[in-house]
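Position one of the sequence shown corresponds to residue 715 (the numbering used here), numbered consecutively onward.
Cβ atoms here follow ideal geometry from the backbone N, Cα and C, with glycine treated the same way.
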Amino acid sequence: MISKSASMMAGIAALLAAMPAAGAETAGPMGMWMNPHQTVAVRTGACGDRLCGWIVWASAEAQADARDGGVGSLIGTELLENYRHDPSGWSGTVYVPDMGRRFYSRIEQVGADGLRVKGCILHGLVCRSQLWRRIAELPRG
715 MISKSASMMA GIAALLAAMP AAGAETAGPM GMWMNPHQTV AVRTGACGDR LCGWIVWASA
775 EAQADARDGG VGSLIGTELL ENYRHDPSGW SGTVYVPDMG RRFYSRIEQV GADGLRVKGC
835 ILHGLVCRSQ LWRRIAELPR G
């Protein structure tokens, strides 16, 4: 039988192992990200002195929705446009292909492997956000 203190110590050790070391930096917003519906993967990178993101993979459903919105080829489309860094994250424009519209947007890093992407209308009165997850490789198929 495991004592309460041994169980608590194991829990603390697991928590400490999951935390980044002091001074360790997160990977930052550049990389490859998957949306929460797993229908679009975006590669983010520098575009001049700003951050941008391009669609590098899309499901058949996402591609059909984009075609219905007037976008012929979803792969290669710039989804995240001209994000400038500020103390609380990044601000720029997000393009929604199936609507054919651009919206004010904020990006905020959530840990090393999360990116909260928020798009707003009406000067920020109505916003929606998604939590994207970092991926190491593109889905197959």
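- The three-state reading of DSSP puts Gln752 in coil, since its state is none of H, G, I, E or B.
- In the DSSP assignment, Asp782 falls within the alpha helix (DSSP H) that extends over 774-782.
- Here the alpha carbon of Arg847 sits roughly 5 angstroms from the alpha carbon of Met748.
- Rounded to whole angstroms, the gap between the alpha carbons of Leu845 and Ala755 is 13 angstroms.
- Secondary structure note for Ser819: its beta strand (DSSP E) is the uninterrupted segment 815-824.
- Around the Cβ of Ile789, a 10 Å sphere holds fewer than 16 other Cβ atoms; the residue is exposed.
- Burial state of Pro750 is exposed, judged by a 10 Å Cβ sphere holding fewer than 16 other Cβ atoms.
- Closest option to Met813, judged by alpha-carbon separation, among Cys761, Met746, Asp782: Asp782.
- Per DSSP, Thr791 is not a residue of any beta strand (DSSP E), being assigned neither H nor E.
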